[in-house]
Amino acid sequence: MGLFKKEKTINTSVPLEQIVNSFVTYLQGQGWKVQQLSGNGKAVIQAQKAGILRDIFTADRALTFTLEQAGNNQVLVRVGAGKWIQNIAVTAIETIVLSELFLFVDVPEMLWNTHVESELLKRLEQIAQGMTV
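Read in order, the letters of the sequence shown correspond to residues 4 to 136 in the numbering used here.
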């Protein structure tokens, strides 16, 4: 696993689509601009937060989450800074998941990312374990 992205396997009995929908709803409720794409046991969620990300990141950056069904009752999650994919809904999910979505970031961006990624990954894990957030 690279320095600029995190990876975690979450044990869950919640269906992937439900996890994705609940996490997207949570992010939107927190003021994030969100886009998602899912299919074939995989999902990509991209989130930008106006103000913070626009100041620290360039406008084409986003926190990118990839989720993948990893066997019975497990979801593999990767999170890191990524390039905002315009019109994600018209892109094949396999193309996105197989491409290198995560970008090299400088130290201030990495420190901010680490904090935000950790918080959002905790929320995602709570959602996957059936907790309400």
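Even glycine gets a Cβ: it sits at the ideal position worked out from N, Cα and C.
Review point. With 16 other CB atoms within 10 Å as the buried threshold, where does K125 fall?
Key: On the sequence shown, position 122 is the one that residue 125 refers to. Answer is exposed; the Cβ neighbour count stays below 16.
Practice item. Between the Cα of V80 and those of I88, G74, K86 and T69, spot the shortest distance and give me the residue it belongs to. Key: Reading the sequence shown from its first residue, position 77 is the one you call residue 80. It is T69.
Review point. Where do the ends of the alpha helix (DSSP H) carrying S25 lie?
Key: Mapped onto the sequence shown, residue 25 falls at position 22. Per DSSP, S25 belongs to the alpha helix (DSSP H) from L19 to G32.
Check your understanding: Cα-Cα, which of G74, V78, L66 and Q77 is closest to K86?
Key -> Taking the first residue of the sequence shown as position 1, residue 86 is located at position 83. Among G74, V78, L66 and Q77, the Cα nearest to that of K86 belongs to L66.
Check your understanding: Can you name the residues that DSSP bridges to R81?
Key -> Taking the first residue of the sequence shown as position 1, residue 81 is located at position 78. E10 and T69.
Point to revise | Beta-bridge partners of G42, as assigned by DSSP | key: The sequence position of residue 42 within the sequence shown is 39, counting from 1. In the DSSP output, where bridge partners are listed per residue, G42 has K45.
Check your understanding: In the structure shown, what three-state DSSP assignment does Q129 receive?
Key -> Here the question's residue 129 lines up with position 126 in the sequence shown. In the structure shown, Q129 sits in a helix (DSSP, three-state: H, G or I).
Review point. How close, in whole Å, do the beta carbons of A131 and V47 come, if the pair is a contact with beta carbons under 8 Å?
Key: By one-based count along the sequence shown, residue 131 stands at place 128. By one-based count along the sequence shown, residue 47 stands at place 44. Incorrect: roughly 16 Å between the Cβ atoms, too far for contact.
**Study point:** Those residues which DSSP pairs with Q51 across a bridge
**Key:** As a position in the sequence shown, residue 51 is number 48, starting the count at 1. Paired residues: K36.
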